[in-house]
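Position 21 (the sequence shown) corresponds to 275 in this note's numbering; numbering is contiguous.
Each residue gets a CB set at the ideal place from its N, CA and C atoms; glycine is no exception.
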Amino acid sequence: MAFEPKDITLLWKYASDSCTVEEKLYVEEKLRTDLEFTKKWKLIQQLNSPELKEKSEVEISVDTKTSTAQTTK
Numbered sequence: 255m256a257f258e259p260k261d262i263t264l265l266w267k268y269a270s271d272s273c274t275v276e277e278k279l280y281v282e283e284k285l286r287t288d289l290e291f292t293k294k295w296k297l298i299q300q301l302n303s304p305e306l307k308e309k310s311e312v313e314i315s316v317d318t319k320t321s322t323a324q325t326t327k
């Protein structure tokens, strides 16, 4: 079975508990029968995990003196 773009939208709605009863039944049936769908669901669950949400954005600072010294060696 091909993974439809609408399915990813439904999974996000399902994750946020904002889908209709029909959508919920559809998602639950797909989770039981479709391995690709289940893989996408697990990925969405990881993205929605509290640990991931608590992490702040990574700051990248570039030390130009060190970078220049390393490239000239």
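Contacting residues, own chain, Cβ-Cβ under 6 Å from T292 (five flanking each side not counted):
Your numbering for residue 292 matches position 38 in the sequence shown. Closer than 6 Å at the Cβ level, and outside the excluded window around T292, lie L285.
Helix, strand or coil at E258 according to DSSP, with G and I counted as helix
Numbered from its first residue, the sequence shown carries residue 258 at position 4. In the structure shown, E258 sits in coil (DSSP, three-state: anything other than H, G, I, E or B).
Considering Cα atoms alone, identify which of T263, N302 and E290 is closest to K278.
Mapped onto the sequence shown, residue 278 falls at position 24. Nearest of T263, N302 and E290 to K278, Cα basis: T263.
In three-state DSSP terms, what is T287?
Translated into the one-based positions of the sequence shown, residue 287 becomes position 33. In the three-state reduction of the DSSP assignment, T287 falls in the helix class.
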